[in-house]
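Asker: Chains as they are written, first to last, in the working numbering: chain A, 1 to 113; chain B, 114 to 225.
Ideal Cβ positions, reconstructed from N, Cα and C, are used throughout, including at glycine.
Structure incoming, see below.
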């Protein structure tokens with residue numbers, strides 16, 4: 001079955017700097033890759049996603065890149081702000097199947113003022 | 114608020130008791146998912162409904178777990194004879210397409 005590895009497990013950056021979180025997946029049939037932000041005591045919030053027919057997607061300060069050949073994808077957050085502090089999860093799924101998401105282990109991002 | 118809602122938000126129960134959680138998806142979302150999340154880990158898939166049909170169940174879903182979605186609207190997840198290992202956050206998500214899944218706030222279960 002699918003396995004998703006996420007790195008780093010913790011990341012601390014200065015406010016205003018950029019943060020990058022990387023994930024690799026094992027199932028070459030996976031074609032949908034969402035990213036979630038989870039704050040303490042809350043459910044995961046979908047922040048951006050990418051499908052396998054594109055290599056990059058951007059939404060304001062957040063961007064995601066996908067390398068299907070290498071089976072890895074990354075989340076980039078620019079001009080980080082204190083409210084970006086949270087746990088971020090990557091996930092992968094086969095949209096043509098049951099669409100179940102397989103999640104990475106999470107990255108705790110801390111933005112230092 | 115028109116997001117996914119889950120009740121109760123917290124549940125403390127004694128080992129061996131039965132518990133039931135409820136999930137109300139976003140209106141018109143025909144796909145509904147249950148996940149379980151333990152501390153420091155990502156959510157793990159449990160089961161998936163399309164309308165009222167349960168289409169997939171994870172091997173994590175032992176015989177003590179049962180989920181239903183009568184009439185394709187809200188869903189319930191029941192755990193019978195709870196064990197301490199069942200302590201976790203139980204998350205529900207819904208979607209309209211095969212893509213974006215929107216999660217509820219979760220039900221935190223503590224088994225003492």
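Under 7 Å Cβ-Cβ, which residues of chain A neighbour residue 211 of chain B?
Answerer: Taking the first residue of the second chain as position 1, residue 211 of chain B is located at position 98. Ordered by position in chain A, the residues that pass the 7 Å Cβ test against residue 211 of chain B are 95, 99.
Asker: Spell out whether any CB of chain A is found under 7 Å from the CB atom of residue 203 of chain B.
Answerer: Working through the second chain from its first residue, we reach residue 203 of chain B at position 90. By this cut-off, residue 203 of chain B is not an interface position.
Asker: Would you call the CB atoms of residue 11 of chain A and residue 80 of chain A closer than 7 Å?
Answerer: Reading the first chain from its first residue, position 11 is the one you call residue 11 of chain A. Reading the first chain from its first residue, position 80 is the one you call residue 80 of chain A. No, Cβ-Cβ distance for residue 11 of chain A and residue 80 of chain A is not below 7 Å.
Asker: Taking its Cβ as the centre, do 16 or more other Cβ atoms sit within 10 Å of residue 199 of chain B, making it buried, or is it exposed?
Answerer: Looking up residue 199 of chain B in the second chain gives position 86. Buried, since its Cβ has 16 or more Cβ neighbours within 10 Å.
Asker: Output needed in chain order: residues of the region 52–69 of chain A with a Cβ under 9 Å from some Cβ in chain B.
Answerer: Against chain B - using a Cβ distance shorter than 9 Å - the region 52–69 of chain A contributes no residues.
Asker: Output the distance between the C-alpha atoms of residue 63 of chain A and residue 19 of chain A, rounded to the nearest integer angstrom.
Answerer: Sequence index remark: in the first chain, residue 63 of chain A carries index 63 (1-based). Sequence index remark: in the first chain, residue 19 of chain A carries index 19 (1-based). Between residue 63 of chain A and residue 19 of chain A, the C-alpha separation is close to 11 Å.
Asker: Cα-Cα, which of B/219, B/178, B/215, B/141 is closest to residue 45 of chain A?
Answerer: Translated into positions along the first chain, residue 45 of chain A becomes position 45. Of the candidates B/219, B/178, B/215, B/141, the one whose C-alpha sits nearest the C-alpha of residue 45 of chain A is B/215.
Asker: Find the residues of chain B that neighbour residue 105 of chain A, judging by a C-beta separation of less than 7 Å, and give them in chain order.
Answerer: Looking up residue 105 of chain A in the first chain gives position 105. Correct list: 154, 155.
Asker: Chain B beta carbons: is any one of them nearer than 7 Å to that of residue 33 of chain A?
Answerer: The sequence position of residue 33 of chain A within the first chain is 33, counting from 1. Output row for residue 33 of chain A: interface = no.
Asker: Report the rounded CA-to-CA distance for residue 117 of chain B versus residue 203 of chain B, giving the unit in angstroms.
Answerer: Here residue 117 of chain B is taken as the residue at index 4 of the second chain, counted from 1. Here residue 203 of chain B is taken as the residue at index 90 of the second chain, counted from 1. Answer to the nearest angstrom: the Cα atoms are 13 Å apart.
Asker: Can you find the residues in the same chain that come closer than 7 Å, C-beta to C-beta, to residue 130 of chain B, ignoring five residues on each side of it along the sequence?
Answerer: Taking the second chain and counting its residues from 1, one reaches residue 130 of chain B at position 17. Answer for residue 130 of chain B: 195, listed in chain order.
Asker: Determine whether the beta carbon atoms of residue 142 of chain B and residue 221 of chain B lie at a separation below 7 Å.
Answerer: Locating residue 142 of chain B in the second chain gives position 29, counting from the first residue. Locating residue 221 of chain B in the second chain gives position 108, counting from the first residue. It is not a contact, given that the beta carbons lie outside the stated cut-off.
Asker: Within the continuous beta strand (DSSP E) that includes residue 57 of chain A, where are the two ends?
Answerer: Counting from 1 along the first chain, the entry for residue 57 of chain A is found at position 57. Looking at the DSSP string, the run of the beta strand (DSSP E) that includes residue 57 of chain A is 56–59.
Asker: Can you look up residue 6 of chain A in the DSSP assignment and give me helix, strand or coil?
Answerer: Translated into the one-based positions of the first chain, residue 6 of chain A becomes position 6. Three-state result, residue 6 of chain A: strand.
Asker: As a quick exercise: from A/57, A/75, A/16, A/88, pick the residue whose alpha carbon is nearest that of residue 40 of chain A.
Answerer: Indexing the first chain from 1 puts residue 40 of chain A at position 40. The candidate whose alpha carbon is nearest that of residue 40 of chain A is A/88.
Asker: Would residue 187 of chain B pass as an interface residue toward chain A - the criterion being a Cβ-Cβ separation below 7 Å?
Answerer: Here residue 187 of chain B refers to the residue found at position 74 of the second chain. So no, residue 187 of chain B is outside the interface.
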